[in-house]
Amino acid sequence: MNADVVLLATGGSNFTSLQAAIERLGARCRQSHDPEQIRAATHVVLPGVGSAGAAMQAITAQNLAPLIRSLSQPVLGICLGMQILFSHSEESDVDTLGLIPGRVRRLPNADGIRIPHMGWNAINAVRDDALLAGVTGQDFYFVHTYAADDSEATLARCTHGQAFPAVVRSGNVYGVQFHPERSGPQGSRLLANFLGITA
Amino acid sequence: MLKKRIIACLDVANGRVVKGVRFRDHDDVGDILELAARYSAQGIDELVFYDILASTAQRGVAPDWVAKVARRIDIPFCVAGGIRSLAQAEQVLAAGADKISINTPALENPQLITTLADRFGSQCVVVGIDSLQDADGQWRVRSHTGNPDTTRERGLGTLEWIGEVQHRGAGEIVLNCMASDGTRDGFDLAQLSAARACCTVPLIASGGAGCAQHFSEVFIHCDVDGALAAGIFHRNLVSIPALKQELAQQGIAIRL
């Protein structure tokens with residue numbers, strides 16, 4: 037695989053496991069916040085552990101938002117990295133990147149529905165996409181408290197009390213609410229699908 | 016539908032995986048990376064690494080093995096033991112752990128739970144609770160349980176503490192029922208049911224697993240989100256794939 041992946045260094049994230057998962061697929065993978073390296077990458081990943089406020093602070097401090105918006109190669113936001121693709125997050129009440137219209141809200145508590153949504157849960161495709169080849173109906177590992185609004189961008193949904201978008205796409209920008217780097221063989225398949233998408 | 020999780024706990028001491036009975040008499044059961052890789056391949060849903068000497072020895076976890084585990088496996092794992100500051104937590108998460116679990120340090124400084132949840136999000140912050148029933152019938156928490164000689168009774172009710180840690184931002188609770196630990200007589204269903212009734216975040220049952228029936232009991236009677244075991248997996252008394260098949264056949268939501 038000839039992919040040359042850059043993980044955006046936005047602080048507080050679990051780079052190690054994501055980098056290892058991508059490298060296991062034979063791709064080159066490094067962390068960077070250098071604009072030239074980011075523009076030169078074949079694929080860009082926004083990893084995500086932390087809070088929306090902290091992630092946006094890191095992006096703003098490095099003036100990365102205009103750069104991310106200008107990218108034309110495939111971009112994948114993971115977990116929090118997917119949430120900040122939307123316009124606004126209820127977590128920290130912060131405006132986010134706005135690459136996909138919609139807001140991110142706290143998952144509602146309900147009887148027998150525990151928040152955070154933590155564990156393995158199945159995704160179900162609502163649209164065909166190369167990213168989802170061979171993985172619809174499979175279990176992925178989710179760890180989150182907030183979820184995006186459903187929209188035209190939704191490629192697959194997951195249900196925890198209510199249905200929410202598990203996989204989204206708007207043009208070259210993709211997002212997954214789960215952690216493919218922690219989702220066993222099916223997560224590896226999804227990452228391979230992403231690396232197989234070309235600009 | 017969210018699946019019930021089967022979690023293997025690897026107690027780590029001096030860089031090796033060990034196992035004791037009622038928190039005593041630790042045997043060496045193997046290499047950290049080998050066991051982590053074997054359990055992942057067998058379909059375990061999650062791993063927890065407890066550095067059982069870290070709290071009592073007043074030191075933090077060694078991040079070198081955390082990074083090695085993160086590179087080796089592709090399922091989630093949590094690291095526990097001696098994490099008592101934001102900086103230590105950041106080290107462990109940066110090394111690739113998905114979650115951190117705090118126990119004694121949370122009792123000594125409950126504000127730590129809030130500090131960690133604000134910085135990393137509640138979903139990264141697990142609180143482990145070691146609990147024992149006292150002569151008056153009350154469940155109370157214990158601290159410094161890595162070594163029986165240093166274990167302390169805190170004068171704090173377990174259910175009260177479960178309420179407080181959630182209020183402070185814990186994203187998951189692992190309840191170790193100490194009287195059952197290592198006995199293989201089954202989970203403490205009474206205590207776990209009482210805990211479930213006051214726990215709105217994910218709750219993990221720990222202590223007493225001996226056979227597949229014990230897992231189905233604790234999922235059905237206590238509605239816990241996950242069940243954790245160590246010795247029965249380390250000693251191959253229960254096969255992980257067979258356990259998951261059996262639970263699925265009983266209608267329990269399980270990842271196969």
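Residue numbers (this note's numbering), protein chains in the order written: chain A, 37 to 235; chain B, 16 to 271. Where is the CB? At the ideal position from N, CA and C, for every residue including glycine. Note that this is a predicted model, so its numbers are computed, not measured.
Proximity to P221 (chain A) [Cα-Cα], best of A:D175, A:G211, A:A189, A:P201: When only C-alpha atoms are compared, the closest one is A:D175.
Using a Cβ cut-off of 8 Å, pull out every chain A residue sitting near M16 (chain B), in sequence order please. Taking the beta carbon of M16 (chain B) as reference, the chain A residues within 8 Å of it are N157, A158, T195, listed in sequence order.
First through last residue of the beta strand (DSSP E) which encompasses T190 (chain A): Taken as a continuous stretch (DSSP letters only), the beta strand (DSSP E) holding T190 (chain A) covers 190-196.
Between which two residues does the alpha helix (DSSP H) harbouring V233 (chain B) extend? Annotation: the continuous alpha helix (DSSP H) that includes V233 (chain B) extends over 227-237.
Presumed contact (8 Å Cβ cut-off) between M16 (chain B) and N157 (chain A), rounded CB distance: Sure, about 7 Å apart at Cβ, within 8 Å.
Compare the beta carbon distance of G186 (chain B) and P71 (chain A) with 7 Å and say whether it is the shorter of the two. No, these two residues do not count as a Cβ contact at 7 Å.
Paired residues, beta bridge with V81 (chain A) - DSSP: Partner(s): A:L43, A:L112.
How many angstroms separate the CA atom of G223 (chain B) from the CA atom of D200 (chain B)? Spanning the two alpha carbons is a distance of roughly 5 Å.
Whether H159 (chain B) touches R167 (chain B) by CB criterion (7 Å): In this structure, H159 (chain B) lies near R167 (chain B), with their beta-carbon atoms less than 7 Å apart.
Ignoring anything shorter than 4 residues or poking outside the stretch 202-233 of chain A, list the alpha helix (DSSP H) runs there in chain order. Runs of the alpha helix (DSSP H) inside the stretch 202-233 of chain A: 220-231.
Cβ-based neighbour list, G89 (chain A), same chain, cut-off 6 Å, excluding 5 preceding and 5 following: S128, V130.
From B:A23, B:V216, B:R211, pick the residue whose C-alpha is nearest to that of E61 (chain B); which is it? Taking E61 (chain B) as reference, the option from B:A23, B:V216, B:R211 with the minimal CA-CA separation is B:A23.
Would A82 (chain B) pass as a contact of A121 (chain B) if the rule is Cβ separation under 7 Å? A121 (chain B) is positioned such that its CB atom lies no closer than 7 Å to that of A82 (chain B).
Mind pulling the alpha helix (DSSP H) runs of 4 or more residues that sit fully within the stretch 137-195 of chain B? Segments of the alpha helix (DSSP H) lying fully in the stretch 137-195 of chain B: 173-182.
Among B:C226, B:S254, B:Q126, B:Y65, which one has its Cα closest to the Cα of A28 (chain B)? When each option's Cα is compared against that of A28 (chain B), the closest is B:Y65.
The stretch 167-185 of chain A: positions lying closer than 7 Å to chain B by Cβ: Answer set for the stretch 167-185 of chain A: D175, Y177, V179, H180, T181.
Which listed residue (A:L61, A:M118, A:S123) has its alpha carbon closest to that of A39 (chain A): Put simply, of A:L61, A:M118, A:S123 the residue whose alpha carbon is nearest the alpha carbon of A39 (chain A) is A:L61.
Does the separation of the CB atoms of F202 (chain B) and V253 (chain B) fall below 7 Å? For F202 (chain B) and V253 (chain B), no; Cβs fall outside 7 Å.
A95 (chain B) versus P256 (chain B) - alpha carbon distance: Their backbone Cα atoms lie some 26 Å apart in a straight line.
Report the three-state DSSP secondary structure of F135 (chain B) (helix, strand or coil). If DSSP states are grouped into helix, strand and coil, F135 (chain B) belongs with the helices.
Between the CA atoms of L82 (chain A) and L43 (chain A) - distance to the nearest angstrom: The straight-line gap from Cα to Cα measures roughly 6 Å.
Identify each residue in the stretch 57-78 of chain A for which the Cβ-Cβ distance to at least one residue of chain B is less than 7 Å, and report them in chain order. So the close ones are A57.
Considering only the alpha carbon of each residue, which of A:M92, A:L167, A:Q119 lies closest to H180 (chain A)? Looking at the Cα atoms, A:Q119 is the closest of the given residues.
I'd like to know whether the C-beta atoms of V142 (chain B) and V180 (chain B) end up nearer to each other than 7 Å. It is a contact, given that the beta carbons lie within the stated cut-off.
Does at least one heavy atom of the ligand GTP sit under 6 Å from the Cβ of L226 (chain A)? This structure simply doesn't include the ligand GTP, nor any ligand for that matter.
If we cut at 7 Å on Cβ distances, does F64 (chain B) have a partner in chain A? No, its Cβ sits nowhere closer than 7 Å to a Cβ of chain A.
What is the C-beta distance between T173 (chain B) and S146 (chain B), in whole angstroms, given that I count them as a contact (C-beta under 8 Å)? Right, their Cβ atoms sit about 4 Å apart.
Contact list for S87 (chain A) against chain B, beta-carbon separation under 7 Å: Those are G136, listed as they occur along chain B.
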